[in-house]
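Here is the structure we will look at.
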Amino acid sequence: MKSYRKELWFEVSARRGLLNITHQVEACLAESGVREGLVLVNAMHITASVFINDDESGLHQDYEKWLEKLAPHEPVRQYQHNNTGEDNADAHMKRQIMGREVVVAITNSQLDFGPWEQIFYGEFDGRRRKRVLVKIIGE
Amino acid sequence: MKSYRKELWFEVSARRGLLNITHQVEACLAESGVREGLVLVNAMHITASVFINDDESGLHQDYEKWLEKLAPHEPVRQYQHNNTGEDNADAHMKRQIMGREVVVAITNSQLDFGPWEQIFYGEFDGRRRKRVLVKIIGE
Amino acid sequence: MKSYRKELWFEVSARRGLLNITHQVEACLAESGVREGLVLVNAMHITASVFINDDESGLHQDYEKWLEKLAPHEPVRQYQHNNTGEDNADAHMKRQIMGREVVVAITNSQLDFGPWEQIFYGEFDGRRRKRVLVKIIGE
Chain R
1 MKSYRKELWF EVSARRGLLN ITHQVEACLA ESGVREGLVL VNAMHITASV
51 FINDDESGLH QDYEKWLEKL APHEPVRQYQ HNNTGEDNAD AHMKRQIMGR
101 EVVVAITNSQ LDFGPWEQIF YGEFDGRRRK RVLVKIIGE
Chain Y
1001 MKSYRKELWF EVSARRGLLN ITHQVEACLA ESGVREGLVL VNAMHITASV
1051 FINDDESGLH QDYEKWLEKL APHEPVRQYQ HNNTGEDNAD AHMKRQIMGR
1101 EVVVAITNSQ LDFGPWEQIF YGEFDGRRRK RVLVKIIGE
Chain A
2001 MKSYRKELWF EVSARRGLLN ITHQVEACLA ESGVREGLVL VNAMHITASV
2051 FINDDESGLH QDYEKWLEKL APHEPVRQYQ HNNTGEDNAD AHMKRQIMGR
2101 EVVVAITNSQ LDFGPWEQIF YGEFDGRRRK RVLVKIIGE
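As given, the protein sequences belong to chains R, Y and A, one line each in that order.
Under my numbering, the final residue of the first sequence carries the number 139; numbering is consecutive throughout.
Under my numbering, the final residue of the second sequence carries the number 1139; numbering is consecutive throughout.
Under my numbering, the final residue of the third sequence carries the number 2139; numbering is consecutive throughout.
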C-alpha cells in the first residue's frame, strides 16, 4: 500500500469565497503515483469546507445567499460563540451544511468523476492563510 | 490490496425521489471478494445524493417537505443558476444537505451496519438516467 | 494491509447532546498499530451524527439552537414519521445536517488534524445506549 500526504494553503481575501481546487488535487494524485485507491480531501480548519459541486458562477452566488439565509453572519451577538471574541459562529454552521471533506475514488490514476464534478474549497471566515489536507492511499 | 469499481444507473421518473440501493451495494461487495476494507458510494451527478438513513415512507415524505422548505424549487427565478437555462438550482442545494457520498466499513465480507442503516440514492433533478459510483478497496 | 474495528458505546442522558470522542478514537488508533492510512468514524444509528468541529461550549449551544430552528422537535405531529409511534423525526433531519461520518487521515500513527479539529458524537434522540463504529485501514 502506498500513502501520500500534502497540505494545500489558501488565502481568500474576503470573509467568504469558493475556490476550485480540482487541479491541485489532480497534481497531488499524479505526484503520488497511486493508480487505484481513495483520496481524502479535507479542510483542516473548522470554519471552512471541502465539497464537490458545479463550477458555475451563478450557482456560487446562490450558495452565498442561501447559506446567509440558513446561518446569517449578522447580528453577530445572536451567537454565544461570538462572546469569546470571535465573530465567526456562522462560519462553523455554514461549514456543517457544506461539509468538511470529500472522499474520491481513484481509478486508472485519475479522479473517478462524473461529468460536472469539481472539488471546491469553501471559505467562510477568510482573510488569513488556511489549509486543506490531501491524503491518498492505494497502490 | 484489492480494488473494485462499478457504476449503478438509475432513472427516477419524477423530479425528486429516494431509492434504497443497499442490495445493489451488497451485490457489488459480494462480487468484489473484499473481506476487510472500505466502500465509497457516491453520486456522480451534482444534483443527487447518496446518504444513509431509515427506510420508512413517512420519513421520506418528511424529507421531501423539509428540503423544499430549506431550498424551495419555486420560484425558479430566485436563483442565478437558473438564468443559465436550468431550473435545478434548488437540487444543487438539497444535495449539499443530504450529502454526496457515504463511506461504509467492510467487516467479514459484510457492510458493517447498525440495525437500521440503509443506503439511499436521493434524486433531486430526475427524469433522466444518472449514475452512482461504488468503489471498494481492501483485501 | 491492516484493518481494525471497534464499537464505542454512549448513553446521553438528555434527548440531545454533544460528546467529544477524540481521545477514544486516538486510543483505537494506538491499539490498531496503523501508521499510515484512514480511519472511518460513523454513527451506527440514524438519529445521531459524528462530525468534526470546535470544542467550545458556546458554539455547542449555538448548534443546539440552530438545529432546532432548521428542524424543530415540536410540534411532533408535523412529521409523518412520528405517526409510527416515534417522536424523533427531527433527529433524522438534524443528523443529515451534521453528517453521519468522518474520514480522517492517519500520518505517523497520529490523527492528521488541523489545530482545532475535534471529533464529536452528536446525539439527537438520546436516553438510551447507542454505538459509534471506528474502522481503520492502512499499514
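Ideal Cβ positions, reconstructed from N, Cα and C, are used throughout, including at glycine.
- Relative to the Cα of Glu-74 of chain R, the nearest Cα in the group R:Asn-88, R:Thr-84, R:Gln-61 and R:Tyr-63 belongs to R:Asn-88.
- The residues Arg-1035, in chain order, have a CB closer than 6 Å to that of Ser-1109 of chain Y in the same chain once the five nearest residues on each side in sequence are set aside.
- For the segment 29 to 56 of chain R, residues whose beta-carbon sits nearer than 8 Å to a beta-carbon of chain Y comprise Glu-36, Gly-37, Leu-38, Phe-51, Ile-52, Asn-53, Asp-54 and Glu-56.
- The C-beta of Ser-3 of chain R has 16 or more other C-beta atoms within 10 Å across all chains shown, which makes the residue buried.
- Val-2103, Val-2104, Ala-2105, Ile-2106, Thr-2107, Asp-2112, Phe-2113, Gly-2114 and Pro-2115: these are the residues of the segment 2103 to 2115 of chain A whose beta carbon lies less than 9 Å from some beta carbon of chain R, given in chain order.
- Rounded to the nearest whole angstrom, the C-alpha separation of Asn-82 of chain R and Met-1 of chain R is 44 Å.
- In the three-state scheme derived from DSSP, where H, G and I count as helix and E and B as strand, Gly-1138 of chain Y is classed as strand.
- In the DSSP secondary-structure assignment, Asn-1020 of chain Y is bridged to Y:Phe-1120.
- Listed along chain R are Leu-70, each with a C-beta nearer than 8 Å to that of Leu-2070 of chain A.
- The continuous stretches of beta strand (DSSP E) do not include Glu-2068 of chain A, which lies in the alpha helix (DSSP H) extending over residues 2057 to 2070.
- The residue among R:Gln-118, R:Arg-77, R:Val-50 and R:Cys-28 with its C-alpha nearest the C-alpha of Glu-101 of chain R is R:Val-50.
- Look at Arg-1127 of chain Y here: in three-state DSSP terms it is coil, with no helix or strand label.
- In the structure shown, Ala-48 of chain R adopts extended strand secondary structure according to DSSP, grouped into three states.
- By the CB criterion at 9 Å, Leu-2133 of chain A and Glu-2007 of chain A fall inside the cutoff.
- Note on geometry: alpha-carbon atoms of Lys-1130 of chain Y and Tyr-1063 of chain Y lie some 21 Å from one another.
- Cβ atoms of Gln-2096 of chain A and Ile-2052 of chain A stay farther apart than 8 Å, at about 16 Å.
- When C-alpha distances from Ala-91 of chain R are compared across R:Val-103, R:Thr-84, R:Pro-72 and R:Gln-80, the shortest belongs to R:Pro-72.
- Setting aside the 5 residues that flank it on each side, Gly-1037 of chain Y is surrounded in the same chain by Ile-1106, Ile-1136, Ile-1137, Gly-1138 and Glu-1139, each with a C-beta closer than 7 Å to its C-beta; the list follows chain order.
- Within the same chain, and ignoring the five residues on either side of Leu-1059 of chain Y in sequence, the residues whose Cβ sits closer than 8 Å to its Cβ are Asn-1053.
- When CB distances to chain R are screened at a threshold of 8 Å, the residues of the segment 1089 to 1103 of chain Y falling below it are Ala-1089, His-1092, Met-1093, Arg-1095, Gln-1096, Ile-1097, Gly-1099, Arg-1100, Glu-1101 and Val-1103, in chain order.
- The three-state reading of DSSP puts Arg-77 of chain R in helix, counting H, G and I together.
- For Arg-2005 of chain A, the C-beta contacts it makes with chain Y under 9 Å involve Glu-1036, Ala-1105, Thr-1107 and Asp-1112, in order along the chain.
- It is roughly 32 Å from the alpha-carbon of Ile-46 of chain R to the alpha-carbon of Gln-1061 of chain Y.
- A straight-line Cα-Cα distance of about 17 Å links Val-2041 of chain A and Ala-43 of chain R.
- The contact set of Leu-2133 of chain A on chain Y, defined by CB atoms closer than 8 Å, consists of Ala-1105, Asp-1112 and Gly-1114 in chain order.
- Within chain A, no residue has its CB atom less than 9 Å from the CB of Gly-1017 of chain Y, the nearest being about 16 Å off.
- For Arg-1005 of chain Y, the enclosing beta strand (DSSP E) has its first and last residue at 1002 to 1011.
- Approximately 33 Å separates the beta-carbon atoms of Thr-1022 of chain Y and Glu-56 of chain R; this is outside 8 Å, ruling out the contact.
- Within its own chain, the residues whose Cβ lies closer than 8 Å to the Cβ of Glu-1031 of chain Y, once the five positions on either side in sequence are excluded, are Tyr-1004 and Lys-1006, listed in chain order.
- Interface residue (Cβ-Cβ distance to chain A less than 9 Å): Glu-1139 of chain Y is classified as such.
- Under the Cβ distance rule, His-1060 of chain Y does not count among the residues neighbouring chain R, no pair being separated by less than 9 Å.
- Here Trp-66 of chain R is buried. Its C-beta has 16 or more other C-beta atoms within 10 Å.
- Taken through DSSP and simplified to helix, strand or coil, Ala-1043 of chain Y comes out as strand.
- For Ala-1091 of chain Y, the enclosing alpha helix (DSSP H) covers residues 1089 to 1098.
- Under the three-pair Cβ rule at 8 Å, the segment 2119 to 2127 of chain A counts as touching the segment 2011 to 2018 of chain A.
- At a cut-off of 9 Å between C-beta atoms, Tyr-121 of chain R does not count as an interface residue with respect to chain A.
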